[in-house]
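Only one structure is covered here, and it is reproduced in the block below.
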Amino acid sequence: MKSPAFEYIRAESVAGAMSAYAEAGDDVVYLAGGHSVVPSLALRLQAPALMIDLSEIAALSGISFQDGWLRIGAMTRHVQAINDPLIAAQAPLFAAAAPFVAHPAIRNRGTLGGSLAHADPASEFPAAAVAMRVELEIASPKGTRRVPADEFFLDIYETAIEPGEILLAIHVPGPVAGQVIGFDEITRRQGDYAMVGAAVQAVAKDGILQDISIALFSVGTRPTRAVAAQAALMGRVIDDASIADAKAALGDDLDPPDDLQFPATMRLHLARVLLGRILANLEAVA
Amino acid sequence: MIPSKNHIGQSHRRKNALRHLAGRGRFVTDLALPRMVHAAFVRSPMAKGNIVELDVSEAAVASGVVRVFTAETLNHSCVPWTGTLDHFAGMQSGAQNMLASSEVLWVGHPVVMILAHSRAEAEDACELVMLDIEDEDAVVDGDAALVKGTPLAAEGINSNMCFQTLLETPDLDDAFARAAHVVEGKFTFGRHTAVTLEPRAIVADFDPSTGQLDVHHGTQTPYQFQDVYARHFGLSEGRVRVIAPDIGGSFGMKLHVYHEEMAAVAASLMLGRPVRFVADRLESFVSDIHARDHRVTARMALDAEGGILAMDVDDMTQIGAFSSYPRTSVAEGNQVIRLMGAPYQMPDYRGRLSVVFQNKVQTSQYRAVGHPIACAVTEALVDRAAELLDLDPFEIRRRNLLADDAYPHVSATGYQFEKLSHQASLDKLHQMMGYEALRAEQTALRKQGIYRGIGIAPFVEITNPGASFYGVGGARISAQDGAVIRLTPAGDVHCAISVTEQGQGTETIIAQIVADQLGVTPDQVKVTTGDTDNTPSGGATWACRGAGIGGETALRAGRKLQMQILTLAGEILQADQQHLALASGAVVDKTTGQERITLAEIGRIATYRPDTLPKGSDNSLTAAQHFAPTGYPFDFTNGIQASHVEVDIETGVTRLLKHWVVEDCGRIINPLLVDEQIRGGVVQGLGPAVFEECLYDDMGQMTNASLADYLVPMAGEMPDIEIAHIETPTLDTILGAKGVGEAGTAAAGAAAMNAVNDALRPLGARISQTPMTPLRILTALGHV
Amino acid sequence: MELLGSQNLAATPDQVWAALFDRDVLEQAIPGCESLEQTSDTSFVAVVKLKIGPVSARFKGEIELSDIDPGKSCTLSGKGSGGIAGFAKGAARVTLTPEGDYTVLDYTADVAVGGKLAALGNRLIKSTAKKLTGEFFANFTKALTGEEETPVT
Amino acid sequence: MKTDITLTVNGDAVREAVEPRTSLADLLRDNLQLTGTHLGCEMGACGACLVMLDGAPVHACLVLAVQASGHKVETIEGLNESGLIKDLQERFHDRNALQCGFCTNGMLMSAQALLSENPMPSRPEIREALSGNYCRCTGYESIVDAISATAKMRSGQTGEVS
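Protein chains in written order, with this note's numbering: chain A, 18 to 303; chain B, 1274 to 2057; chain C, 8 to 160; chain D, 3 to 164.
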């Protein structure tokens, strides 16, 4: 398991990285934390001609407020999502999701942006991003644009990022009073890819849900917003009846993949169990 | 007074652990020799097929490539190997070669070997090999393999049945006819694999100028490989040296002959330079032996009081395209059918075994060969009987376990037990786990919708095997071990011994045993293992023999040297050696304990001033000893395990809460090491019970061949394990030690399965397949 | 694994049928097709580069049309070797049914992968195969009619 | 083809020319003969290759050597010689928290990182911190015990293993 040969450039700026990409042509891979790319190189599942390392670009780091939104640099490490007070306050689902991502040493190195751009349908951060309704800031040679999370994740490993473009930052909308969240997943071992996972963010006034946002993962080819379950809950209090309705509604939301280890019926069953548990245990944002 | 020689029985720490803690382990994977080349293999991506095109011309000229071998250019250098043994009457297997020449027989079957200056370059060149295989229908399923008209899994066999056997007592049918109750079940035990953290590794170094072959090999059985390499490559044994340095885990997986290691040796012989092969994790999954893969149908007859009358068992085990060499892939199934019901007073028995070929990686001996299967089936049926008769699991076992004064005993399957302690173990477990309180807690929690379960499983373990194990079948596998002990000129002790160290603590216990014979501390005894040039020949590490056989060898060698020292001391001191003894690094007066002469002084005189010894004195301070067990064919140990689990009945996820073991391995030499052997063994039993499985699709593709998808047990999921002991030494040896390496693995899965079923019982669900995955549990519960 | 799908094509069955045997249409339809060489009326040699997230592999293989019932149905099968990445093979039974101005193309595909792809990609193979099969027929529709896909199911 | 890199390894300035594809683990093991860093899976799943990169444990198999250029790496050899983990090593020795020794490097790295962040971890917290460290030999309990005992001793309590 040794990687095939490739050329390497450590980019110093976003513009520099993009022009290097444009010059090199087709077989180029951007490297952030490298924790998805490097194993696939070692397994020789891909063989790029050039790797452009983005990890030392200052513009991709940093966590700051910007127009009421929290701007999280794409190169923010998973471990920062656990420890950073700004993320805890304004992007609590990232903070809640991070401990579920792989293992401590992986979290020291893996990046938030890398995870979102990689768009593994079983990973945690994409679902948290959808549930929080974040916007993804993408740089292209023509300029930057912001894409809502619901439109960002397109298919298995496929996002709105076009070849050569770079994910710059994640923008998280400002917190709302009365916000509650829940994040959980069902795994066989700590740190495994989830059999099913879910991220929930809601706002309740006098117990009545004013807003609810639910995203599930490992149930399809991308993080999946549970539209029907959300509708089943809106304007209601969270109780046994509304939870039961939301669980039932998941049947309309999900069409999980069917495989030998995890048949579709099992994933749907687990998704219902998990959503029920998360809804029953929503926690106020600290 | 003579200080007591009491290092045997003490928890000495392992000195060799200090090297690892400092990052100074020396593994084969760390070895770099001058002019060494690295091997990589092109492997079959198909389970079965014919090679229609193989073109290595581009690879041969790729950057860094030193040589490319195919079957045509490599196989002639090695006598093919065939994994059959005479005492398994009627068994068959095709002969094996290093590289596939025309037919590929499993996914991962090596076809081309590429040697390059680096592993990366060798892998680069693998991508340039043009290999076209016309695929054929693979034999994937063992039951289907036996259906008429199914193609053969390999060449050189006349059917897909490798071996069949039947054991039967005359009154079996009668026992079932008069039974008050019969319980039965069908069980499936998945394929799993060893996943040693250090993969298989070898550096073969042939020096054409001297004709010497040195093989640095991550193996548990260096002498066996010395013999294999000599015979299969036509070398004299004296010119073959196998060195097994630090080994990153073995567990039975590293004693089989593998295509890649043989190819590395062949290549070194041809190139005259060192050849290194280190399996990467992906290769490990498709080329290391796998384990288990059984389907068992079993029933148990009981009388009205729950007394076990008989068992009737049919085991089908699936072994891949060949039987492994040199032990065969039959030994596992053979032990399964012979270990059924072993802890119980069970008069009658019938066991049928079918060993079946298929197009997958070979299965073969792995830690606790056959034990977990026999134990899980037996104990599941005992629990079913208890449920039927409304007996507590402890009570039904109390009624049936062999009485502690019923020895010697011969089991219905023919095993001879010298002396075991089942009843005492059962009582000890009951008390240790706080059984009554756990049951009360279980009842209370069920009312809250929390489903916990308790499962117990008594077991026996085969240890200290004699030559009847493999030797009688014609295998050149040593059942004896050898030790050479010497007193150095400075009065230290050196012991070279054939049993080997893989971290289980062999060197430490040997030092303890030797120290007690020579009146020194274990620190003063240096132990050398794992090098065929520097230690006497022996069996090394297999089937649980390091302490029982290796320890006895060391003890006897130590006593021999003790006599030599005392004789020499008597001559030096002009004293009657009957009045002398060894203690505290010196020769002392036996009655007063007073020091007469130090060992250092004896070493000095014997080495530098032999001229001062009385005429005719023998100044030898080296003793050699070999030992093979000659009493019982094996020393059986026994014990009992308990598992406490919680099953999330909505998700099917099982949490292992706690595990208990009571174990009787005879004389305990080092309690610290014994307990950690048991703990590690338990976890190797729990892994396949809950997580580990090699998942194949219907084309014979292994679909989870990485550590991301093959679930090994990790710290977060494994329970704390409480251990207690009963000590019933074997009288076959002076030392009295039996083995303990497989005890943990033998019954952990059985206890866990019983615990899960105990948790599921109120819901009317039951699981009879391992691993007990969420899917299988949810299916049993009717949720999927 | 079995995959099912259906496309509504704004063309006559004859036009669709001709396109199934048209090298240029097939080249546009096969996801990642780098080259396609026709070796007979019903067979082709292809080089296909597939890139799915962290996996990219170049497959060389053959594509063949068989069990031909002109204008109505045929089997489109392919087998490709991705070198040490493994291999992929599949066969799709395609049936055409006229429905007004449209032709309904139904397919039942059986896809299998082997070697390293099977060993490592189990979690994603089905989704990937589904995606690629869908892309093929969507591209096919587009090449044939110039329209974006109109998948029915 | 080769790229020049400079980094600090165990306090020493290291200058090497490497192929970009070379992993940090291969650089350490093959070029610098720091073989205490082990390779068990080469895909970040087993934890045998953990090293400290700028003070935090990372998988040396998942970091390219070129990426480590300009950074500070500490391996088991360096930690050992620094004396910083002497107590941890001693508790591992006492408790026989290793058998074959192949996972030990990674276990010590994870343990040291845990104890520096959380000086008194509970047993479940210790097990969680080890969730990416595979050990086939021990069954983990002795490793948990050793780390727990170290925590107690560092905080002035007794190191008695319960």
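We treat Cβ as the ideally placed atom computed from N, Cα and C, and that holds for glycine.
Exercise. Under the three-state reduction of DSSP, which class applies to C/D21: helix, strand or coil?
Worked result: If you number the third sequence from 1, residue 21 of chain C lands on position 14. In this structure, C/D21 counts as helix in the three-state DSSP scheme.
For this session: Kindly indicate which three-state DSSP category C/K96 falls into: helix, strand or coil?
Result: Your numbering for residue 96 of chain C matches position 89 in the third sequence. Strand.
Problem set entry | B/A1224 burial status per 10 Å Cβ neighbour count (16 or more: buried) | Residue coverage of chain B in this structure runs from 1274 to 2057, which leaves residue 1224 of chain B outside it and unanswerable.
For this session: Write down the C-beta distance between B/A1395 and B/A1313 rounded to the nearest angstrom, noting that I regard them as a contact closer than 8 Å.
Result: Position 122 of the second sequence, counted from the start, is the residue given in the question as residue 1395 of chain B. Position 40 of the second sequence, counted from the start, is the residue given in the question as residue 1313 of chain B. Indeed, because the Cβ distance is near 4 Å, the residues count as touching under 8 Å.
Problem set entry | Inter-stretch contact (C-beta, 8 Å, three-pair minimum) for the segment 1914-1934 of chain B and the segment 1844-1858 of chain B | no
Exercise. Could one say the Cβ of D/G161 lies closer than 7 Å to chain B's Cβ atoms, at least one of them?
Worked result: Indexing the fourth sequence from 1 puts residue 161 of chain D at position 159. Interpretation of D/G161 is limited by its pLDDT of 48, a score under 50 that renders its predicted location unreliable; no figure is taken from the coordinates.
For this session: Examine the Cβ distances between the segment 1625-1642 of chain B and the segment 1375-1383 of chain B and report whether three or more of them are shorter than 8 Å.
Result: yes
Exercise. Tell me, which residues are paired with B/Y1622 by DSSP?
Worked result: On the second sequence, position 349 is the one that residue 1622 of chain B refers to. Paired residue(s): B/M1584.
Problem set entry | Exposure label - A/I314; buried when at least 16 CB within 10 Å | Any question about residue 314 of chain A goes unanswered here, given that chain A covers just 18 to 303.
Exercise. Quick one: does B/Q1914 have its CB under 7 Å from some CB of chain C?
Worked result: Counting from 1 along the second sequence, the entry for residue 1914 of chain B is found at position 641. No, because no Cβ of chain C sits closer than 7 Å to the Cβ of B/Q1914.
For this session: For B/E1966, count neighbouring C-beta atoms within 10 Å of its own C-beta (all shown protein chains included) and say buried if the count is 16 or more, exposed if not.
Result: Taking the second sequence and counting its residues from 1, one reaches residue 1966 of chain B at position 693. That one is buried.
Exercise. Measuring CB to CB, does B/L1654 end up less than 7 Å from B/V1476?
Worked result: The residue given as residue 1654 of chain B occupies position 381 in the second sequence. The residue given as residue 1476 of chain B occupies position 203 in the second sequence. No; because the gap between Cβ atoms is not below 7 Å, this pair is not in contact.
Problem set entry | Beta-carbon gap between B/T1805 and B/R1514 smaller than 7 Å | Stepping through the second sequence from its first residue, residue 1805 of chain B is reached at position 532. Stepping through the second sequence from its first residue, residue 1514 of chain B is reached at position 241. Their beta carbons are under 7 Å apart, which means B/T1805 touches B/R1514 by this criterion.
Exercise. Are the C-beta of B/N1977 and some C-beta of chain C separated by less than 7 Å?
Worked result: Translated into the one-based positions of the second sequence, residue 1977 of chain B becomes position 704. Yes, its Cβ sits closer than 7 Å to a Cβ of chain C.
For this session: Would you kindly check if the distance between the Cβ of B/P1645 and the Cβ of B/G2022 is under 7 Å?
Result: Here residue 2022 of chain B corresponds to residue number 749 of the second sequence, with the count starting at 1. Here residue 1645 of chain B corresponds to residue number 372 of the second sequence, with the count starting at 1. Yes.
Exercise. Pick from B/G1511, B/P1599, B/S1391, B/D1478: whose alpha carbon is nearest that of B/P1547?
Worked result: What you label residue 1547 of chain B is simply residue 274 of the second sequence in a count that begins at 1. Closest option to B/P1547, Cα to Cα, is B/D1478.
Exercise. Buried or exposed: which applies to B/E1407, given that a residue is buried once 16 or more other Cβ atoms fall within 10 Å of its Cβ?
Worked result: In the second sequence, the residue the question calls residue 1407 of chain B occupies position 134. B/E1407 comes out exposed.
Problem set entry | Within-7 Å CB hit, B/T2052 to chain C | As a working note, residue 2052 of chain B is residue 779 in the second sequence. It does not; no Cβ of chain C falls within 7 Å.
For this session: Starting from D/R129, find everything on chain B with Cβ-Cβ shorter than 9 Å and list it in chain order.
Result: Here residue 129 of chain D refers to the residue found at position 127 when the fourth sequence is read from its first residue. Here the neighbours are M1987, A1988, G1989, E1990, M1991.
Exercise. Under three-state DSSP, which class holds B/L1404?
Worked result: Here residue 1404 of chain B is taken as the residue at index 131 of the second sequence, counted from 1. In the structure shown, B/L1404 sits in a strand (DSSP, three-state: E or B).
Exercise. Taking the runs of the beta strand (DSSP E) that are 3 residues or longer, which of them lie wholly in the segment 63-119 of chain A?
Worked result: 67-70, 80-83, 86-90
Problem set entry | Residues in the segment 88-100 of chain C having any Cβ partner in chain B nearer than 8 Å | S88, G90, I91, G93, F94
For this session: Could you tell me which of B/L1582, B/R1568, B/L1699, B/A1393 sits nearest to B/V1456, measuring between CA atoms?
Result: As a working mapping, residue 1456 of chain B is identified with position 183 in the second sequence. Nearest of B/L1582, B/R1568, B/L1699, B/A1393 to B/V1456, Cα basis: B/L1582.
For this session: My understanding is that B/D1416 touches B/M1526, with C-beta atoms under 8 Å, so please give their C-beta distance in whole angstroms.
Result: Numbered from its first residue, the second sequence carries residue 1416 of chain B at position 143. Numbered from its first residue, the second sequence carries residue 1526 of chain B at position 253. Wrong, their Cβ atoms sit about 27 Å apart, outside the cutoff.
Exercise. Considering B/R1297, what are the terminal residues of the alpha helix (DSSP H) in which it resides?
Worked result: The count along the second sequence starts at 1 and reaches residue 1297 of chain B at position 24. Note, B/R1297: premise wrong, no alpha helix (DSSP H); not H, not E.
Problem set entry | Spatial distance of D/V68 from D/A62 (CA atoms) | Taking the first residue of the fourth sequence as position 1, residue 68 of chain D is located at position 66. Taking the first residue of the fourth sequence as position 1, residue 62 of chain D is located at position 60. Near 12 Å, if we compare the C-alpha coordinates of D/A62 and D/V68.
Exercise. Can you tell me whether C/D31 is buried or exposed, with buried defined as 16 or more other CB within 10 angstroms of its CB?
Worked result: Here residue 31 of chain C refers to the residue found at position 24 of the third sequence. Result: exposed.
Exercise. How many angstroms separate the CA atom of D/N149 from the CA atom of A/F200?
Worked result: Translated into the one-based positions of the fourth sequence, residue 149 of chain D becomes position 147. Translated into the one-based positions of the first sequence, residue 200 of chain A becomes position 183. The sequence shown places Ile at residue 149 of chain D, rather than the Asn named in the question. Rounded to the nearest angstrom, the two C-alpha atoms are 30 Å apart.
Exercise. What are the complete alpha helix (DSSP H) segments, minimum 4 residues, inside the segment 2013-2042 of chain B?
Worked result: 2016-2033
Exercise. Unbroken beta strand (DSSP E) runs of length 3 or more, entirely within the segment 1503-1540 of chain B: which are they?
Worked result: 1513-1516
Exercise. Quick one: is B/M1274 near chain D, going by C-beta distance under 7 Å?
Worked result: For the purposes of this step, residue 1274 of chain B is taken as residue 1 along the second sequence, with counting starting at 1. Because the pLDDT of B/M1274 is 47, which lies under 50, any placement of that residue in the model is unreliable, and the number read from its coordinates should be weighed accordingly. It does not; no Cβ of chain D falls within 7 Å.
For this session: Can you grab the Cα-Cα spacing for the pair D/V16 / D/G80, in whole Å?
Result: Residue 16 of chain D sits at position 14 when you count from the first residue of the fourth sequence. Residue 80 of chain D sits at position 78 when you count from the first residue of the fourth sequence. When rounded, the distance between both Cα atoms is 14 Å.
For this session: Using only alpha-carbon positions, find the residue among C/A36, C/A95, C/P105, C/E69 that is nearest to B/P1318.
Result: Reading the second sequence from its first residue, position 45 is the one you call residue 1318 of chain B. Answer by Cα proximity: C/A95.
Exercise. Would you report the Cα separation of A/G293 and D/L26, rounded to the nearest angstrom?
Worked result: By one-based count along the first sequence, residue 293 of chain A stands at place 276. By one-based count along the fourth sequence, residue 26 of chain D stands at place 24. Rounded to the nearest angstrom, the two C-alpha atoms are 44 Å apart.
Exercise. Chain B beta carbons: is any one of them nearer than 7 Å to that of A/K159?
Worked result: Against the first sequence, residue 159 of chain A aligns to sequence position 142. Output row for A/K159: interface = no.
Problem set entry | Residues that B/T1880 bridges to, as DSSP identifies them | Numbered from 1 along the second sequence, position 607 holds the residue referred to as residue 1880 of chain B. Answer by DSSP bridge pairing: none, since B/T1880 is not bridged.
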